[in-house]
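Colleague: Residue numbers (this note's numbering): 189 to 567. My structure is below; once you've seen it, I'll send some questions.
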């Protein structure tokens, strides 16, 4: 999934100026405690246990908004993950004779309403942060975080190909899909800040009736290309999830492969800014990825463009420049544009020289198959 939380290293407790917030949500709290013991150490785990013994602070909208105000992406990530776990539990739980069907449905409906209010407030926070120059980077990080959660929830709630035998819960799933699809369209428009490019994207009218949407008219390749160019990866993942059955893990890597091929094509056309934008759209740190491409690429045209731009941006180290100078000196010996072809021709020439030499019969054994060995010459 297109999920920035994989690198956030969620913290066990969050200290603010006026209070300490401990995020607890049933099973999520137990998983967090195990994660803390593994990653942070026994001391942090003991601190978390002590805070839980004092008083568990319920996760609510005020805690979420405080995290937005203090730019606590770790806290926001854990909040959203806990809410996702709770929703998944409600959607997959079987009917209970103890609590009753009505109570279970009421709890699920309250979760849908809670997500509606949470996404509304987060969307408002993204829009407000866009107006402040110092907060634009945070707003885009928050936007990707929220989009990831919406896509995951849509994948949980989408009523297609479900074996849910509870009709009332199926209706709640459809309602949840409609609510989330509305938020998905609103959040998507913030990716390009209301530009013409965003306005050209067809609106998703109803996730429960997605067969009639414009997205289903696209092939998978066209869909991925459109999302890569527009920076709209989460929604593209959602539409691919509706078409496919199976694991969702390879989805982000698929988009990254498409973006990488498009970026290489742009570099061959000497369009460095567009290549940089495409790599950024799929979560790559563009300058680091460009440096990696420069050191690994065998295409001389791509390397010329990359070296020119990265030198201008002061990204290359002295070691990189020295290595590239040596590569350039070697390439001068070969007129071919394709370095791979030049390397292959050079290796073939070395093999031929070894075979011509009478003293090199031992080397020939390692190079050629036994059936192709030349006749041994008399001493």
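Every residue, glycine too, gets a C-beta built ideally from N, C-alpha and C. A quick note: this is a predicted structure, and the numbers were derived from the prediction, not measured.
Just the C-alpha distance for residue 499 and residue 254, rounded to the nearest angstrom, thanks.
Modeller: 42 angstroms
Colleague: With distance defined between alpha-carbon atoms, name the residue in 440, 461, 403, 467 nearest to residue 449.
Modeller: 467
Colleague: Need the endpoints of the alpha helix (DSSP H) that residue 460 sits in, please.
Modeller: 460-469
Colleague: For residue 360 versus residue 342, is the C-beta distance shorter than 7 angstroms?
Modeller: no
Colleague: What residue range does the alpha helix (DSSP H) around residue 301 cover?
Modeller: 289-318
Colleague: Taking the alpha-carbon of residue 365 as reference, which of 325, 279, 487 has the nearest alpha-carbon?
Modeller: 279
Colleague: Between residue 375 and residue 331, which are expected to be in contact by the criterion C-beta below 8 angstroms, what is the C-beta distance as a whole number of angstroms?
Modeller: That belief holds up - the Cβ atoms of residue 375 and residue 331 are roughly 6 angstroms apart, short of 8 angstroms.
Colleague: Assuming contact is defined by CB atoms lying nearer than 7 angstroms, are residue 446 and residue 416 in contact in what I supplied?
Modeller: yes
Colleague: If we count the other Cβ atoms within 10 Å of its Cβ and call it buried at 16 or more, is residue 241 buried or exposed?
Modeller: In this prediction, residue 241 scores a pLDDT of 39, lower than 50, which makes its location untrustworthy; the coordinate-derived value is nonetheless stated afterwards. That one is exposed.
Colleague: Return the first residue and the last residue of the alpha helix (DSSP H) that residue 357 is part of.
Modeller: 355-377
Colleague: Among 516, 426, 496, which residue has its Cα nearest to the Cα of residue 460?
Modeller: When C-alpha distances from residue 460 are compared across 516, 426, 496, the shortest belongs to 496.
Colleague: Measuring straight from C-alpha to C-alpha, what distance separates residue 487 and residue 479?
Modeller: 14 angstroms
Colleague: How many Å lie between residue 431 and residue 362 at the Cα?
Modeller: The straight-line gap separating the alpha-carbon atoms of residue 431 and residue 362 is approximately 18 angstroms.
Colleague: Taking only the alpha-carbon atoms, compute the straight-line gap between residue 303 and residue 310 and give it to the nearest angstrom.
Modeller: 10 angstroms
Colleague: Express the C-alpha separation of residue 472 and residue 387 in angstroms, rounding to a whole number.
Modeller: Summary for residue 387: the model assigns pLDDT 32, below 50, so the residue's position carries little reliability; its value from the coordinates is reported in the next sentence. Just so you know, the alpha carbons of residue 387 and residue 472 end up roughly 25 angstroms apart.
Colleague: In whole angstroms, what is the alpha-carbon distance linking residue 511 and residue 256?
Modeller: Rounded to the nearest angstrom, the two C-alpha atoms are 45 angstroms apart.
Colleague: When you compare each of 290, 418, 305 to residue 463 by their alpha carbons, which one comes out closest?
Modeller: Distance from the Cα of residue 463 is smallest, within the candidate group 290, 418, 305, for 418.
Colleague: Return the chain-ordered list of same chain residues with a C-beta closer than 6 angstroms to the C-beta of residue 455, the five sequence neighbours on each side being excluded.
Modeller: 463, 490, 493
Colleague: Do residue 307 and residue 371 have their CB atoms nearer than 7 angstroms?
Modeller: yes
Colleague: For residue 417, report the span of its alpha helix (DSSP H) as first-last.
Modeller: Bounds of the alpha helix (DSSP H) holding residue 417 are 408-418.
Colleague: Select from 503, 353, 356, 465 the residue whose C-alpha is nearest the C-alpha of residue 483.
Modeller: Closest in alpha carbon position to residue 483, among 503, 353, 356, 465, is 503.
Colleague: Enumerate in chain order the residues of its own chain whose CB-to-CB distance from residue 337 is below 7 angstroms, with the five nearest sequence positions on each side excluded.
Modeller: Once the five neighbours on either side are set aside, the close Cβ partners of residue 337 are 268, 272.
Colleague: Is the separation between the beta-carbon of residue 317 and that of residue 305 shorter than 7 angstroms?
Modeller: Not in contact: residue 317 and residue 305 (Cβ atoms no closer than 7 angstroms).
Colleague: Which residue wins for smallest C-alpha separation from residue 413, given the options 358, 457, 429, 470?
Modeller: Checked all of 358, 457, 429, 470; the closest Cα to residue 413 is 470.
Colleague: Go ahead and pull the three-state DSSP assignment for residue 280.
Modeller: It is helical.
Colleague: Is it true that the CB of residue 275 sits closer than 7 angstroms to the CB of residue 299?
Modeller: yes
Colleague: With distances taken from CA atoms, which of 404, 296, 444 is nearest residue 597?
Modeller: There is simply no residue 597 to check, as the chain begins at 189 and stops at 567 in what is shown.
Colleague: Shortest alpha-carbon distance to residue 453 belongs to which of 357, 481, 440, 290?
Modeller: Nearest option by C-alpha distance: 481.
Colleague: What three-state label does DSSP hand residue 344 in the structure shown?
Modeller: helix
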